[in-house]
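Reading through the structure tokens given below for one structure.
2 protein chains.
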Amino acid sequence: MTELKPIAHTSPLHEFLAPESIAIIGASADPTKRGYKAMVGLIKGNYAGKIYPINPKVPEILGVPTFASLDDIPGPVALALICTPASTLPKLLADCGTKGVKGAVILASGFRETGPEGAKLEQEVLNAARAGGVRIIGPNTSGMFNLHKQVNLLALANVKPGDIGFISQSGNMLLALVLEAEHNGHVGFSTYVGPGNQTDIGFNDYLRYLGEDEHTRVATLYVEGFRDGQRFLEVAREITPLKPVVVYKSGATEMGKKAASSHTGALAGSYAMTVDLLRQVGVSVVRHSDQILPVAEGLALMQKARGKRIAVIADGGGQATITSDRLSDAGLELATLSEATQHRLSEILFAQASLANPIDVAGTSDADPEILARCMQIVAEDDNVDAIFLVGMFGGYHTRFAESLLGGEMRAAEAMIELARSTAKPLVIYSLYVPVKPPALRRLHEAGLPVYASIEHAVRVLQALAERGLYLQQQHGRPLHAAVTPSDEMLAMFARASNEGRDLYEYEARSLLRTHGVTVEPERIAATADELGEIAAGFGERPVAMKVVSKDILHKSDAGGVKLNLIGESALRAGYDQIMSACHRYDPNADIRGVLVTPMAKKGTEIIIGVVRDPIFGPVLMFGLGGIFVEILEDVAFRAIPLSREDARGMVEQIKGRKILAGVRGDPAVDTEALVDLLLKVSGIVAAYPQLSELDLNPVIAYPEGYSVVDARIIINRAIMNA
Amino acid sequence: MTELKPIAHTSPLHEFLAPESIAIIGASADPTKRGYKAMVGLIKGNYAGKIYPINPKVPEILGVPTFASLDDIPGPVALALICTPASTLPKLLADCGTKGVKGAVILASGFRETGPEGAKLEQEVLNAARAGGVRIIGPNTSGMFNLHKQVNLLALANVKPGDIGFISQSGNMLLALVLEAEHNGHVGFSTYVGPGNQTDIGFNDYLRYLGEDEHTRVATLYVEGFRDGQRFLEVAREITPLKPVVVYKSGATEMGKKAASSHTGALAGSYAMTVDLLRQVGVSVVRHSDQILPVAEGLALMQKARGKRIAVIADGGGQATITSDRLSDAGLELATLSEATQHRLSEILFAQASLANPIDVAGTSDADPEILARCMQIVAEDDNVDAIFLVGMFGGYHTRFAESLLGGEMRAAEAMIELARSTAKPLVIYSLYVPVKPPALRRLHEAGLPVYASIEHAVRVLQALAERGLYLQQQHGRPLHAAVTPSDEMLAMFARASNEGRDLYEYEARSLLRTHGVTVEPERIAATADELGEIAAGFGERPVAMKVVSKDILHKSDAGGVKLNLIGESALRAGYDQIMSACHRYDPNADIRGVLVTPMAKKGTEIIIGVVRDPIFGPVLMFGLGGIFVEILEDVAFRAIPLSREDARGMVEQIKGRKILAGVRGDPAVDTEALVDLLLKVSGIVAAYPQLSELDLNPVIAYPEGYSVVDARIIINRAIMNA
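Chain order of the listed sequences is F and Z. This note's numbering puts the first residue of the first sequence at 1, with every later residue one more than the last. This note's numbering puts the first residue of the second sequence at 1001, with every later residue one more than the last.
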């Protein structure tokens, strides 16, 4: 484990999350009260700063002299823990401001979560805090600790100091992790904060603090809801290259149920979108709550993996098979061992051993457990291997086979520790003897090598190490696609649409795309049937599509406002008449401006590209195949805008339908680089025009060479346009 | 936990898996040898039967007099443990037969797994055993134990006797479960067997034994490969109504890679198929190795659930949310609590508590943990609730809040134990204090109420309890669809095809289906173009499809052998000519018998129905949507033939594409009952004609009313036809 490098502090949170002095407002002599327990936590924890209990009624608490008010405290106060009820808060925050308190931890509930009255009170508290320059943790927080400063306002006993910083909207989850770490874990904790209502300080602020904190090796967050997700993504983009960030996001099944005016809108806001965006900025997203600690531990204690190629060394065939299954589920690969490696293994293993990965030592180690360490050394030197995974009975050989093997086990443990120090590849160990805590596993534990009790958890850790390694190689530092320069003409077009109280007409949307380099088939607009003759002549024998132009008709096909495969003037005229009468029947009051005529796209693969401005995460791009892939399977990828070329490639590679893009039943592959370009161009346009609220290119037809945008719809952002 | 009822013994395995006398062939005085360790296991375990060590060189081992050979033993021998090398086995098995030994445990390896020589030796051993009426465990087995008979041939220390019977192709997996049960579990073990090469006794035999064993409450199996999967399904169908059967099947990622001549063939043999078939007969299939013990425990200790509606009681909002997410992932539901239940809860919980499921007590229990037990009692009485799930800090209240709460926690534990006894609904408990093993959790443990350390594991247990409850209600006892009575005409048709060395022509396949009640559009065969006039007249203005009839052209479309949407004689003649010349170009030697003409199917939803005879599991039916659903997404369901109507319904409900069957974008739902009928008819036909090897109905078009079989292909079973 390497030393953590100091990182410059830019977050204001350091001043009060690592405070030199603490006032406890509502300090109490009643042992059941938080205002007493926090005092116990500080005193028992040997807090070295000043403790100022505020209580006008008693002269001292636990031997510490009290003060009647903040005013009476002689020196500066960095942090105030406020244990009094909600109604007292506005006044107290004003007092804090006067005193120059930097941060306040507000335990009280009874704010936004209780209704409009509470929300009003919460706003008053925030106003008072802002006026006095006081930052707020909470309200409605479970509290905080910083064990490296001996600050333990939760008065939790037996919390091991260590490397894991934890921000959790669930107090139970903190307790669960603390107990798991104490009894079965390999790590301790640095700073914990319960963000509560996030009235002032949000996850992005806490993440920056943990990112800069020299005692935190892994920032771990349990999140029920982000308040400023876009800012969180920006901060995570800065922090993840410095240290691992682990997020468990709950509420996976309750989101994405809102009504929306576009396909993209309907799918955005989902748990799947949140996961995609977090992964885009290098966050390790954990989906099972019992994997939070193992993953955080693994990232804290082990090297990242260069890639996904895992060498498995097992002392039982069954567990080797299980491991292969689980690695494949996790998107990892069994490394193809070099011939040299297999030869070296053959020199130390029995003839019946399996030298192809997964390596099954087939009894060779039964009488000599050091063989396992030697196998690990050999595969660690193979360039085809990114990580080493030992699976089986290690630690239990002396109980399973013969007491005399204990020496060999201890020597093997030392060799593994030495290997972990000397190689850049992670060594992940699963042992079925973990519940017994035998000497060799205790030795590994002391040396900071985690040993997992479940193959599944160990594989999840390998996945996190590989994803982190690949992210840092592939994503970090890649330039984000720049916004295009807005054109005056296009700005005027947006303004015109806004003035007319409508969204963009399709021909305007096509014009915007074309202006900024997107390939769009030419179109002609016919305001009246009389113009169709010339238009028909222009397209000649090429079949065209005709679509109604009306701000009032959103679902053109449903209204009978679309005709396909028309050739020649008479067909165009007939189509025009049919469209006009159908749309008139559909909505007699619709303002119909004519029809758009454009060449039919050739047959190809239907794609959907969409953009929404998510209320939490800001502008988000969506990519998927059309039809049932988007409608039934919701097989789409999301990325926050702006995105890098690697991000765009990742979208194309992520969807299940990628097999179709690669060509099925002898079809040629589609031009995915052209789609990547299109995604980046859309990103650049969205970044340049805040006037654009939602965009749907549905469908885009992808070809072996290039693509064709068949329908484009752009919703404008009235809030911005009217500002 | 109810008493296990005695079950009549029909398995011959009882005689030697619960043996009255044991001979140890190759008993040894060397403490490192299995022939010594087994003696230690028997003596230390207080085995009450006779022990006969066979060793001509020493007079006694561990104080037990030895015998020079089996012959010298005075009394009968039920079981022989054979510790000698592979080459000695044929002779020894003959000796066992002479002595009347019932079963032999063969440890030696060096058989089939080493190549043809070993396979030959294995066959010799089997022949000798069969000749003498000796059954074989192994060879290449890790051994066996029956702790209720004090038989421990593995000499494993510290294995708790208990309710879990375990058959495992991985010795490491046994060790892992034993250690996990000892340190963190709630159960012990009855009988263990390592089936080794399954030369004689296979998983189906062991399952019947465990099913009948009065000391086994749950039969648990780790399976790398079944040898007779069809028989296993039959036995499981009998056993699962009596007791739970848990299977972990490994090799999930290595199967299903074989070449195949049909879509069904390509998808059959997969892990997904194995899972479907096991679930069809009521087996609980576990996919994560670390969930084997929790699921087996849960099924051993708790009642099955009537259904999927779970009431969650949580003392923290975050974990309540996590639980909701995980329940939804597992296909379980949050029960809708009755108004009466919510009212009763409101009387004991704080105003800020959430009374809608998940119930968040919101601090009510902080000073009175008995509240949790009272909430459990209240929801247990709600008819809308099938299972109760307590989530949070229970057991740790006295450490988290105040020592004085210990009494309340113990009273709550007693109330939960009482509730578990009096209700028919399972109580599943997750506590974050499990690692601490506090008094209240120890009390629950003693009373046989498991407490889980992970929300994910607890949810997996709830899922197993619900699936078992639903299986017993919905599936068990439902009649399997009977085989049709084979028609002489159809039998003659199969014989004719076989004689001609070909599979069925499509018109023959259609005829078979039609004969047995499947709705198939009429078809006409034209051997020459001259017949097309009359045929065209017969179909009138109805568009028809024309397909080449040739045993040599498997992929008719690829060969240009299909023409669609033909109307009238001239179109038919043109189509005929095109087909003939295209097919002739495609394969100049093809034996072309003419064309099949049949009405075009109306537009509808494409379905694929297929049958294969799997080498392991026998006849298997497959159902899915056509096109990308089967080709790209492999979104299909499998059931073993014969199947019940419930099984057929389950296939339709299981696939992801069911949303399409239910109607999307305003389309009407398809007639799923007609599809269910079709599946059952196909099952009946396949069961009646062993001559049928593979069947593909691809596509079947499903309509809001009825269906249309558009293409039918039947491969015949040459092995049977030639027999």
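The beta-carbon is built from N, C-alpha and C at its ideal position, and this holds for glycine as well. These numbers were taken from a predicted model, which means no experiment stands behind them.
Review point. Do residue 1162 of chain Z and residue 1188 of chain Z have their CB atoms nearer than 8 Å?
Key: Here residue 1162 of chain Z refers to the residue found at position 162 of the second sequence. Here residue 1188 of chain Z refers to the residue found at position 188 of the second sequence. Against a cut-off of 8 Å, the Cβ pair of residue 1188 of chain Z and residue 1162 of chain Z comes out as a contact.
Practice item. For residue 1169 of chain Z, return the contacting residues in chain F, with the cut-off set at a CB-CB distance below 7 Å. Key: Residue 1169 of chain Z sits at position 169 when you count from the first residue of the second sequence. For the C-beta of residue 1169 of chain Z, the chain F residues within less than 7 Å are, from N- to C-terminus, 318.
Practice item. Identify whether residue 1127 of chain Z lies in helix, strand or coil by the three-state DSSP scheme. Key: Numbered from its first residue, the second sequence carries residue 1127 of chain Z at position 127. Three-state result, residue 1127 of chain Z: helix.
Check your understanding: Applying a beta-carbon distance threshold of less than 8 Å, which residues of chain Z neighbour residue 435 of chain F?
Key -> Indexing the first sequence from 1 puts residue 435 of chain F at position 435. Under the 8 Å cutoff, chain Z gives 1179, 1180, 1182, 1183, 1184.
Review point. What's the gap between the Cα of residue 113 of chain F and the Cα of residue 119 of chain F?
Key: As a working note, residue 113 of chain F is residue 113 in the first sequence. As a working note, residue 119 of chain F is residue 119 in the first sequence. Their backbone Cα atoms lie some 7 Å apart in a straight line.
**Study point:** Proximity winner among Z:1614, Z:1572, Z:1553, relative to residue 1588 of chain Z (alpha-carbon distances)
**Key:** As a first step, residue 1588 of chain Z must be located in the second sequence, where it is residue number 588. Checked all of Z:1614, Z:1572, Z:1553; the closest Cα to residue 1588 of chain Z is Z:1553.
**Study point:** C-alpha gap between residue 1010 of chain Z and residue 1616 of chain Z, whole angstroms
**Key:** For the purposes of this step, residue 1010 of chain Z is taken as residue 10 along the second sequence, with counting starting at 1. For the purposes of this step, residue 1616 of chain Z is taken as residue 616 along the second sequence, with counting starting at 1. The straight-line gap from Cα to Cα measures roughly 24 Å.
Point to revise | Beta-carbon proximity of residue 1364 of chain Z to residue 1349 of chain Z, cut-off 8 Å | key: Taking the second sequence and counting its residues from 1, one reaches residue 1364 of chain Z at position 364. Taking the second sequence and counting its residues from 1, one reaches residue 1349 of chain Z at position 349. Cβ distance < 8 Å, so residue 1364 of chain Z and residue 1349 of chain Z count as in contact.
Exercise for review: Report the neighbours of residue 1032 of chain Z on chain F: residues whose CB is nearer than 9 Å to its CB, in chain order.
Suggested key: Counting from 1 along the second sequence, the entry for residue 1032 of chain Z is found at position 32. Those within 9 Å of residue 1032 of chain Z in chain F are 367, 401, 402.
Check your understanding: DSSP on residue 142 of chain F, reduced to helix/strand/coil?
Key -> Counting from 1 along the first sequence, the entry for residue 142 of chain F is found at position 142. Here residue 142 of chain F sits in coil by DSSP.
Check your understanding: Which partner residues does residue 1314 of chain Z have in the DSSP bridge list?
Key -> Translated into positions along the second sequence, residue 1314 of chain Z becomes position 314. Partner(s): Z:1360, Z:1391.
Practice item. Could you tell me whether any Cβ in chain Z is nearer than 8 Å to the Cβ of residue 176 of chain F? Key: Counting from 1 along the first sequence, the entry for residue 176 of chain F is found at position 176. With 8 Å as the cut-off, residue 176 of chain F counts as an interface residue toward chain Z.
Review point. Does the beta carbon of residue 1659 of chain Z come closer than 8 Å to any beta carbon on chain F?
Key: Translated into the one-based positions of the second sequence, residue 1659 of chain Z becomes position 659. By this cut-off, residue 1659 of chain Z is an interface position.
Review point. Of the residues that make up the region 373-393 of chain F, which ones have a beta carbon closer than 8 Å to any beta carbon in chain Z?
Key: Against chain Z - using a Cβ distance shorter than 8 Å - the residues of the region 373-393 of chain F are 392, 393.
Exercise for review: Please look up how many angstroms separate the CB atoms of residue 98 of chain F and residue 132 of chain F, rounded, as I've assumed it's under 8 Å.
Suggested key: Numbered from 1 along the first sequence, position 98 holds the residue referred to as residue 98 of chain F. Numbered from 1 along the first sequence, position 132 holds the residue referred to as residue 132 of chain F. 7 Å between Cβ atoms; contact.
Review point. How about residue 173 of chain F: is its C-beta nearer than 8 Å to some C-beta of chain Z?
Key: Taking the first residue of the first sequence as 1, we reach residue 173 of chain F at position 173. The Cβ of residue 173 of chain F sits closer than 8 Å to at least one Cβ of chain Z.
**Study point:** At least 3 beta-carbon pairs within less than 8 Å: the region 16-23 of chain F vs the region 71-79 of chain F
**Key:** The answer is yes - the region 71-79 of chain F touches the region 16-23 of chain F, with three or more Cβ pairs under 8 Å.
Exercise for review: Check whether the Cβ atoms of residue 1193 of chain Z and residue 1219 of chain Z lie closer than 8 Å to each other.
Suggested key: Mapped onto the second sequence, residue 1193 of chain Z falls at position 193. Mapped onto the second sequence, residue 1219 of chain Z falls at position 219. Cβ atoms of residue 1193 of chain Z and residue 1219 of chain Z: not closer than 8 Å.
Review point. Beta-carbon of residue 364 of chain F versus every beta-carbon of chain Z: anything under 8 Å?
Key: Counting from 1 along the first sequence, the entry for residue 364 of chain F is found at position 364. The beta-carbon of residue 364 of chain F is placed no less than 8 Å from the nearest beta-carbon of chain Z.
Check your understanding: Thinking C-beta only, is residue 1549 of chain Z closer than 8 Å to residue 1567 of chain Z?
Key -> In the second sequence, counting from the first residue as 1, residue 1567 of chain Z sits at position 567. In the second sequence, counting from the first residue as 1, residue 1549 of chain Z sits at position 549. Residue 1549 of chain Z sits away from residue 1567 of chain Z, with the two beta carbons spaced by 8 Å or more.
Review point. Can you find a C-beta in chain Z that's less than 8 Å from the C-beta of residue 656 of chain F?
Key: Taking the first sequence and counting its residues from 1, one reaches residue 656 of chain F at position 656. Interface flag for residue 656 of chain F against chain Z is set, since a Cβ pair is found closer than 8 Å.
**Study point:** residue 1512 of chain Z burial status per 10 Å Cβ neighbour count (16 or more: buried)
**Key:** To locate residue 1512 of chain Z, count along the second sequence from 1; it is residue 512. Of the other Cβ atoms in all chains shown, 16 or more fall within 10 Å of the Cβ of residue 1512 of chain Z; this residue is therefore buried.
Review point. Comparing the CB of residue 380 of chain F with every heavy atom of the ligand NAD, is any distance shorter than 7 Å?
Key: The ligand NAD is not part of the structure shown, which contains no ligands of any sort.
Check your understanding: For residue 274 of chain F, which of helix, strand or coil comes out of DSSP?
Key -> The count along the first sequence starts at 1 and reaches residue 274 of chain F at position 274. Looking at residue 274 of chain F - three-state DSSP - the assignment turns out to be helix.
Review point. So, is the C-beta of residue 1297 of chain Z closer than 8 Å to a C-beta in chain F?
Key: Along the second sequence, one-based indexing puts residue 1297 of chain Z at 297. Not an interface residue.
Check your understanding: Which residues, taken in chain order from the region 209-237 of chain F, show a beta carbon closer than 8 Å to some beta carbon of chain Z?
Key -> With the criterion set as a beta carbon lying under 8 Å from some beta carbon of chain Z, the members of the region 209-237 of chain F are 222, 224, in sequence order.
**Study point:** Interface flag, residue 664 of chain F vs chain Z, CB-CB below 8 Å
**Key:** Stepping through the first sequence from its first residue, residue 664 of chain F is reached at position 664. A Cβ of chain Z is located within less than 8 Å of the beta carbon of residue 664 of chain F.
Review point. For residue 1668 of chain Z, which of Z:1103, Z:1603, Z:1323 has the nearest alpha-carbon?
Key: On the second sequence, position 668 is the one that residue 1668 of chain Z refers to. Of Z:1103, Z:1603, Z:1323, the smallest CA-CA separation from residue 1668 of chain Z is found for Z:1603.
Exercise for review: Determine the closest residue to residue 1460 of chain Z out of Z:1596, Z:1323, Z:1471, with distance taken between C-alpha atoms.
Suggested key: Position 460 of the second sequence, counted from the start, is the residue given in the question as residue 1460 of chain Z. Nearest C-alpha to residue 1460 of chain Z among Z:1596, Z:1323, Z:1471: Z:1323.
Check your understanding: Mind checking if residue 288 of chain F is an interface residue toward chain Z, Cβ cutoff 8 Å exclusive?
Key -> Position 288 of the first sequence, counted from the first residue, corresponds to residue 288 of chain F. Yes, residue 288 of chain F counts as interfacial toward chain Z.
Check your understanding: Are residue 1232 of chain Z and residue 1207 of chain Z touching if we call contact CB-CB under 8 Å?
Key -> Your numbering for residue 1232 of chain Z matches position 232 in the second sequence. Your numbering for residue 1207 of chain Z matches position 207 in the second sequence. Yes; because the gap between Cβ atoms is below 8 Å, this pair is in contact.
**Study point:** residue 82 of chain F and residue 164 of chain F closer than 8 Å at C-beta
**Key:** Reading the first sequence from its first residue, position 82 is the one you call residue 82 of chain F. Reading the first sequence from its first residue, position 164 is the one you call residue 164 of chain F. Here residue 82 of chain F is not near residue 164 of chain F, since their CB atoms are 8 Å or more apart.
Exercise for review: Provide the residue span of the beta strand (DSSP E) that contains residue 606 of chain F, from first to last.
Suggested key: Counting from one through the first sequence, the residue named residue 606 of chain F turns up at place 606. For residue 606 of chain F, the enclosing beta strand (DSSP E) begins and ends at 605-614.
Practice item. Count the other C-beta atoms from every protein chain shown that fall within 10 angstroms of the C-beta of residue 1555 of chain Z, then say buried if there are 16 or more, exposed otherwise. Key: For this step, residue 1555 of chain Z is matched to residue 555 along the second sequence. Counting every other CB atom within 10 Å of its CB across the protein chains shown gives residue 1555 of chain Z a total below 16, marking it as exposed.
Review point. Is the CB-CB distance between residue 724 of chain F and residue 703 of chain F below 8 Å?
Key: Since the displayed chain F opens at 1 and closes at 723, residue 724 of chain F lies outside it and no answer follows.
Check your understanding: What residues in the region 1443-1460 of chain Z have a beta carbon less than 9 Å from any beta carbon of chain F?
Key -> Answer set for the region 1443-1460 of chain Z: 1453, 1454, 1455, 1456, 1457.
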